[in-house]
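Beneath this line is the structure, given in structure tokens, with notes to follow.
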Amino acid sequence: MKIFNCSLDKKDLPTEWKTVNVSAIFKKGKKCKVNNYRPVSLTCVVCKLLESMVKDKIVDHFLINKLFSDKQFGFLKGRSTVTQLLCIMD
């Protein structure tokens, strides 16, 4: 936690955390066609952990302070896009 807090206090991420490796992953079809691949960004695990913790804090803040609209679906627990479709159809 000290590393994360220090990074947030300084408002700077270590260069190693920002470095990514982009890899092409085959989807389907002929392997010789470029369009049959999708880019995947492989990022630092430590940076992903920090990102996840920051996201959780922001979502918690929004939930506690009732800042999400009733129309907000997706990315929220119990409020999937399927739930949205069911509400619209009802």
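Take the sequence shown: its letters are residues -11 to 78, numbered as in our numbering.
In this text, a Cβ means the ideal position worked out from N, Cα and C, and glycines have one as well.
It should be emphasised that the depicted structure is a prediction, and the values quoted were computed from it without experimental measurement.
Collapsed DSSP secondary structure at residue i in the structure displayed
{"i": "M(-11)", "result": "coil"}
{"i": "K6", "result": "helix"}
{"i": "L1", "result": "coil"}
{"i": "S(-5)", "result": "helix"}
Cut-off 7 angstroms between Cβ atoms - residues of its own chain near residue i, not counting five sequence neighbours on either side
{"i": "N9", "result": "L30"}
Contact set for residue i: own chain, Cβ-Cβ below 6 angstroms, skip 5 residues either direction
{"i": "C75", "result": "none"}
{"i": "R67", "result": "F61"}
{"i": "L38", "result": "F(-8)"}
Contacts around residue i, its chain only, beta-carbon distance under 8 angstroms, and the 5 residues preceding and following it disregarded
{"i": "T69", "result": "F61, G62"}
{"i": "A12", "result": "Y25, R26, P27, V28"}
{"i": "K43", "result": "none"}
**OP:** Assess, as a yes-or-no matter, whether the region 1 to 11 is touched by the region 19 to 32 under the definition of 3 or more beta carbon pairs within less than 8 angstroms.
**Re:** yes
**OP:** At 3 residues or longer, and completely inside the region 8 to 66: list those beta strand (DSSP E) runs for me, N to C.
**Re:** Runs of beta strand (DSSP E) with 3 or more residues, each lying fully within the region 8 to 66, are found at 9 to 14, 25 to 30, listed in chain order.
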